[in-house]
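**Q** Converting from the sequence shown to our numbering requires adding 14 to each position, the first position being numbered 1. Below you will find the structure I want to go over with you.
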Amino acid sequence: MKKITSILFFIVFSTTTLSSLYAASVGVNQDVAGLDTTPTIDRPFAPSLLRTKNHHKATLDSFENPEVCAGCHPKQYEGWRGSMHSNAWNDPIFLAEFKKGLKATDGKIFKYCAGCHSPIGVLTGTASWDKETNTFDISEKAARGVTCDVCHSIAGAVPLEDTLTSEHGNGSHIIDTETHIKYGPLKNSVSPYHETQYSELHTKANLCASCHNIIHPVNGTPVERTYDEWRVSPYAQNEIVCQDCHMNSVEVAIQIAKTLKRPETFANKHVRLSGKASTLGTQDRAIVHSHEFVGGNAIISSIMAPKSLRKRKHADIAKKRLQNAAELTVHFEQRGDELFKLGVDVYNVGAGHNLPTSLTQVRHIWIEATVTDNQGNILFETGKLDNHHDLDEDKTVVFKSWTVDEKGEETHDPWAINHIVRDTTIPPKGHSKHEFIFANKNNVKQISVDVKLNYRSATQHFTDSLLGPDAPTIPTITMEHTSNTYVQKGNGWSKLMKSFSTLEEEIENN
Ligand code: HEC
Ligand code: HEC
Ligand code: HEC
Ligand code: HEC
Ligand code: HEC
Numbered sequence: 015m016k017k018i019t020s021i022l023f024f025i026v027f028s029t030t031t032l033s034s035l036y037a038a039s040v041g042v043n044q045d046v047a048g049l050d051t052t053p054t055i056d057r058p059f060a061p062s063l064l065r066t067k068n069h070h071k072a073t074l075d076s077f078e079n080p081e082v083c084a085g086c087h088p089k090q091y092e093g094w095r096g097s098m099h100s101n102a103w104n105d106p107i108f109l110a111e112f113k114k115g116l117k118a119t120d121g122k123i124f125k126y127c128a129g130c131h132s133p134i135g136v137l138t139g140t141a142s143w144d145k146e147t148n149t150f151d152i153s154e155k156a157a158r159g160v161t162c163d164v165c166h167s168i169a170g171a172v173p174l175e176d177t178l179t180s181e182h183g184n185g186s187h188i189i190d191t192e193t194h195i196k197y198g199p200l201k202n203s204v205s206p207y208h209e210t211q212y213s214e215l216h217t218k219a220n221l222c223a224s225c226h227n228i229i230h231p232v233n234g235t236p237v238e239r240t241y242d243e244w245r246v247s248p249y250a251q252n253e254i255v256c257q258d259c260h261m262n263s264v265e266v267a268i269q270i271a272k273t274l275k276r277p278e279t280f281a282n283k284h285v286r287l288s289g290k291a292s293t294l295g296t297q298d299r300a301i302v303h304s305h306e307f308v309g310g311n312a313i314i315s316s317i318m319a320p321k322s323l324r325k326r327k328h329a330d331i332a333k334k335r336l337q338n339a340a341e342l343t344v345h346f347e348q349r350g351d352e353l354f355k356l357g358v359d360v361y362n363v364g365a366g367h368n369l370p371t372s373l374t375q376v377r378h379i380w381i382e383a384t385v386t387d388n389q390g391n392i393l394f395e396t397g398k399l400d401n402h403h404d405l406d407e408d409k410t411v412v413f414k415s416w417t418v419d420e421k422g423e424e425t426h427d428p429w430a431i432n433h434i435v436r437d438t439t440i441p442p443k444g445h446s447k448h449e450f451i452f453a454n455k456n457n458v459k460q461i462s463v464d465v466k467l468n469y470r471s472a473t474q475h476f477t478d479s480l481l482g483p484d485a486p487t488i489p490t491i492t493m494e495h496t497s498n499t500y501v502q503k504g505n506g507w508s509k510l511m512k513s514f515s516t517l518e519e520e521i522e523n524n
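Here's what the structure looks like:
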């Protein structure tokens, strides 16, 4: 046998099946200086695209606190409370990054960011930032984030004309502040408390697009494009919208992803979706929607209230969603040259958008693998966090995007992003194939392979730089995990059958 002492590591083949829709946009200079904050008829809250219906003025009386709705809509309220929508303003990571951006732009991005994180604050003018003290002043109502009345006062959306897709984004919705009409998905609904109006928009992904598509207001770079990713997916083709997965239980969302069928199809005596939309409702509705809106964020809700069971519940649902979003397949073989090949394919089976999505310059998913021989010697490893909880990105297969500023230097800051230099996120129903090569240095006859797919909302470095010494440790969530032992038999290698007790243990751990 050839004497190979060092462990070889290289990625032979690394592709993503569907190519990214976006080419990096050509940089326009003065990204930040060019930010136009002058109000116009079309952009009264520039640079945010938020506007009110008929240009009616908004006051704090235009909006009510969620607790008012809770009396008659307890189910919707219980879901919303503790959700990332309810934390959209108070989220400490958002606030720290926002302050950094305000300093960098001399306050010019205030309405832009707050237009999505506290629409009430922007519309009513009750949220502001003091440059001298670097503190915020915000009304109690506005600090509640994306509230019931924010979404249920949306009377329309304005497609963007100056973007690649002419879709929605940057807060491009029209909020009715003239009336107290609640816009929603129900036909013929009657409430003793408020007027109601059927709104088709609330049943469509466009409602979410206005906030879940972020386009740099000066250079046009798609900073977050969850909606645009969905729009070109098999889900969109099958009329499966964001609401179907994010406003139903994880179990229903998994079925939707598997079958590409709408949620109504799964309603039976075990899966009950129907019920009363309000405790005062007179008729059963086909679906009463969960308002938890859980994505992958398992950290913010739990650090904001570590002792609250409800908030821990949001973190648990986030884990469950992540653990059903992807699948892994592992191939193991000895090559002609005595070296070994470990193939790992990652499939996005459950997310209606890329994996990961949204702030992909920060959110990341990676392959962790450990190959050991039967004496416990490590033959190969990748994707281990170091003592500072950091990853060596050059030696790891990471699914994320890399963004740079005007000068071409890497940045995570949304206001500074000028273009995307690389994007390894996996499209909906797409997959990504990777190979790792290593040597059987002790020439053993039994090799164990352990492969994990991990997710983190942010790197420890990023979080520490924003929150300082009080920063929490960002948890690693294992999305998938497989382990197998291979034994040499004659000329080939075959998988060792797992004992019944090992299988039982694995099922229990999942
Ligand atoms: C992020 C936006 C958003 C927020 C915040 C929100 N909703 Fe909804 N709500 C929706 C959407 C979208 C639907 C319709 C989903 C569909 O039909 O596909 C809906 C449906 C409803 C319905 C109709 C019955 C049902 O459950 O389908 C009621 C009632 C309702 N919401 C009340 C509330 C209350 C009360 C709150 C606050 C505690 C709230 N909503 C917060 C977006 C929101
Ligand atoms: C078009 C609406 C929109 C605008 C404009 C916007 N955001 Fe956000 N922001 C979002 C959404 C939606 C998310 C959640 C994405 C997710 O969690 O996957 C988010 C998440 C974040 C997060 C991550 C929070 C966490 O806990 O991980 C930070 C930080 C943030 N935004 C900062 C900003 C700053 C600073 C600005 C202004 C430069 C800004 N945002 C502008 C919609 C917006
Ligand atoms: C006194 C009870 C009561 C209060 C308080 C109340 N609602 Fe309702 N709401 C109802 C009833 C009843 C319905 C009709 C349900 C049905 O037809 O199935 C309804 C329907 C709705 C709908 C569906 C409208 C449609 O056409 O799809 C939305 C959205 C809604 N309410 C939001 C809110 C919000 C937001 C608040 C708080 C600002 C609130 N409600 C406060 C009783 C109430
Ligand atoms: C008014 C703006 C707005 C609208 C409309 C809106 N969102 Fe959000 N959404 C946000 C913001 C802001 C956050 C993140 C807050 C943060 O991370 O600090 C968020 C967070 C989320 C998350 C949690 C992400 C995570 O990291 O776990 C999900 C899921 C989500 N939204 C889905 C939806 C869906 C589905 C719709 C449409 C029915 C929708 N949103 C409509 C602003 C909005
Ligand atoms: C087929 C089901 C499905 C559909 C459709 C879907 N999602 Fe998701 N979404 C998921 C799953 C699973 C995750 C968790 C994995 C992840 O983070 O990407 C997720 C995560 C998210 C997150 C959090 C991402 C993060 O890591 O912070 C946001 C925000 C979100 N979705 C918004 C949306 C919006 C907006 C739409 C519609 C344009 C949508 N989703 C459509 C299944 C779905």
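In this text, a Cβ means the ideal position worked out from N, Cα and C, and glycines have one as well. All figures in this text were calculated on a predicted structure; none of them were measured in a lab.
Quick one: what's got a C-beta closer than 7 Å to THR62's C-beta in the same chain, skipping five residues either side?
**A** Position 48 of the sequence shown, counted from the first residue, corresponds to residue 62. According to the sequence shown, residue 62 is Ser rather than Thr. Around SER62: LYS125, TYR126, GLY129, VAL136, ASN184 and GLY185.
**Q** When you compare the segment 399-418 with the segment 105-113, are there three or more beta-carbon pairs, one atom per stretch, that lie closer than 8 Å?
**A** no
**Q** Suppose contacts are defined by Cβ-Cβ distances below 7 Å. Is CYS162 in contact with THR293 by that definition?
**A** Taking the sequence shown and counting its residues from 1, one reaches residue 162 at position 148. Taking the sequence shown and counting its residues from 1, one reaches residue 293 at position 279. Taking C-beta atoms as the reference points, CYS162 and THR293 fail to come closer than 7 Å.
**Q** On the premise that HIS367 lies in contact with GLU243, defined as a C-beta separation below 8 Å, what is that separation, rounded to the nearest angstrom?
**A** Residue mapping note: residue 243 aligns to position 229 of the sequence shown, counting from 1. Residue mapping note: residue 367 aligns to position 353 of the sequence shown, counting from 1. Indeed they touch by this definition, with Cβ atoms about 4 Å apart.
**Q** What residue does the beta strand (DSSP E) around GLU382 start on, and which one ends it?
**A** Mapped onto the sequence shown, residue 382 falls at position 368. 378-387 is the span of the beta strand (DSSP E), which, as asked, contains GLU382.
**Q** Between TRP244 and ligand 5, is the CB less than 6 Å from at least one heavy atom?
**A** Looking up residue 244 in the sequence shown gives position 230. Indeed, a heavy atom of ligand 5 lies less than 6 Å from the Cβ.
**Q** Check the DSSP bridge columns for ILE314 and list the partner residues they point to.
**A** Within the sequence shown, residue 314 is the residue found at index 300, counting from 1. Beta-bridge pairing links ILE314 to no other residue.
**Q** Leaving out the 5 sequence neighbours to the left and right, which residues in its chain are closer than 8 Å to HIS402 when beta-carbon positions are compared?
**A** For the purposes of this step, residue 402 is identified with residue 388 of the sequence shown, where counting begins at 1. Excluding positions up to five away in sequence, the list reads GLN474 and HIS475.
**Q** Measuring CB to CB, does THR191 end up less than 7 Å from THR66?
**A** Here the question's residue 191 lines up with position 177 in the sequence shown. Here the question's residue 66 lines up with position 52 in the sequence shown. Annotated as proximal: THR191 and THR66, with beta-carbon spacing under 7 Å.
**Q** Quick check: is any heavy atom of ligand 5 less than 6 Å from the C-beta of ALA6?
**A** Since the first and last residues shown for the chain are 15 and 524, residue 6 lies out of range.
**Q** Whose C-beta lies closer than 6 Å to the C-beta of PHE112 among residues of the same chain, with five residues either side of it excluded?
**A** Position 98 of the sequence shown, counting from 1, holds the residue named residue 112. CYS127.
**Q** For GLU382, which residues in the same chain have their Cβ closer than 6 Å to its Cβ, ignoring the five residues on either side in sequence?
**A** The residue labelled residue 382 in the question sits at position 368 within the sequence shown. Hits under 6 Å: GLY397, LYS466 and ASN468.
**Q** To the nearest angstrom, how far is the alpha carbon of ALA141 from that of GLY121?
**A** Taking the sequence shown and counting its residues from 1, one reaches residue 141 at position 127. Taking the sequence shown and counting its residues from 1, one reaches residue 121 at position 107. Taking the straight line joining both Cα atoms gives about 12 Å.
**Q** By the 10 Å Cβ neighbour count, where 16 or more other Cβ atoms means buried, how is LYS459 classified, buried or exposed?
**A** Taking the first residue of the sequence shown as 1, we reach residue 459 at position 445. Exposed, by the Cβ-count rule.
**Q** Would you be able to state if there are at least three C-beta pairs under 8 Å between the segment 269-289 and the segment 66-75?
**A** no
**Q** Would you call ASN311 buried or exposed, if buried means 16 or more other Cβ atoms sit within 10 Å of its Cβ?
**A** For the purposes of this step, residue 311 is taken as residue 297 along the sequence shown, with counting starting at 1. By the neighbour-count rule (16 or more Cβ atoms within 10 Å), ASN311 is buried.
**Q** For SER196, does the count of other Cβ atoms within 10 angstroms reach 16, so buried, or fall short, so exposed?
**A** Numbered from 1 along the sequence shown, position 182 holds the residue referred to as residue 196. In the sequence on display, residue 196 carries Lys and not Ser. When all chains shown are included, LYS196 counts as buried.
**Q** Assuming VAL46 and HIS99 make a contact with CB atoms under 8 Å, what is their CB distance in whole Å?
**A** As a working note, residue 46 is residue 32 in the sequence shown. As a working note, residue 99 is residue 85 in the sequence shown. Contact flag wrong, Cβ pair sits at about 28 Å.
**Q** When you compare only the Cα positions, how much space is there between GLY482 and ALA430?
**A** As a first step, residue 482 must be located in the sequence shown, where it is residue number 468. As a first step, residue 430 must be located in the sequence shown, where it is residue number 416. One C-alpha to the other measures close to 21 Å.
**Q** Taking the beta carbon of LYS503 as the centre, do at least 16 other beta carbons fall within 10 Å, making it buried, or is it exposed?
**A** Taking the first residue of the sequence shown as position 1, residue 503 is located at position 489. Counting Cβ neighbours within 10 Å, LYS503 comes out exposed, since fewer than 16 surround it.
**Q** Ignore the nearest five residues each way along the sequence and tell me which others in THR54's own chain have a CB closer than 8 Å to its CB.
**A** Taking the sequence shown and counting its residues from 1, one reaches residue 54 at position 40. Hits under 8 Å: ALA60.
**Q** So, for TYR500: in the same chain, excluding its five sequence neighbours on each side, which residues have a beta-carbon less than 8 Å away from its beta-carbon?
**A** The residue given as residue 500 occupies position 486 in the sequence shown. These residues qualify, in order along the chain: PHE346, GLN460, ILE461, SER462, VAL463, TRP507, SER508, LYS509 and LEU510.
**Q** Distance, Cα to Cα, GLY390 vs ALA271?
**A** For the purposes of this step, residue 390 is taken as the residue at position 376 of the sequence shown. For the purposes of this step, residue 271 is taken as the residue at position 257 of the sequence shown. Approximately 40 Å between the Cα atoms of the pair.
**Q** Following the continuous alpha helix (DSSP H) through TRP429, name the residue where it begins and the one where it ends.
**A** Residue numbering aside, residue 429 sits at position 415 when the sequence shown is read from its first letter. Secondary structure note for TRP429: it is in no alpha helix (DSSP H), with a DSSP letter that is neither H nor E.
**Q** Output yes if chain B places a C-beta closer than 7 Å to the C-beta of ASN227; else output no.
**A** The structure shown has no chain B; it contains just one protein chain.
**Q** For SER39 and VAL237, I'd like the C-alpha separation in whole angstroms.
**A** The residue given as residue 39 occupies position 25 in the sequence shown. The residue given as residue 237 occupies position 223 in the sequence shown. Here the model assigns SER39 a pLDDT of 37, short of 50, so the residue's position is not dependable, and the following value carries that caveat. Cα-Cα distance, rounded: 11 Å.
**Q** Could you tell me the alpha carbon to alpha carbon distance between HIS226 and LEU353, rounded to whole angstroms?
**A** What you label residue 226 is simply residue 212 of the sequence shown in a count that begins at 1. What you label residue 353 is simply residue 339 of the sequence shown in a count that begins at 1. Those two C-alpha atoms are separated by around 46 Å.
**Q** Check each candidate in ASP144, LEU116 and THR138 and name the one with the smallest Cα separation from LEU74.
**A** In the sequence shown, residue 74 corresponds to position 60, counting from 1. If we check each option's Cα against that of LEU74, THR138 comes out closest.
**Q** Among PRO133, GLY170, GLU146 and LYS155, whose alpha-carbon lies nearest the alpha-carbon of GLU78?
**A** Counted from its first residue, the sequence shown places residue 78 at position 64. Nearest C-alpha to GLU78: LYS155.
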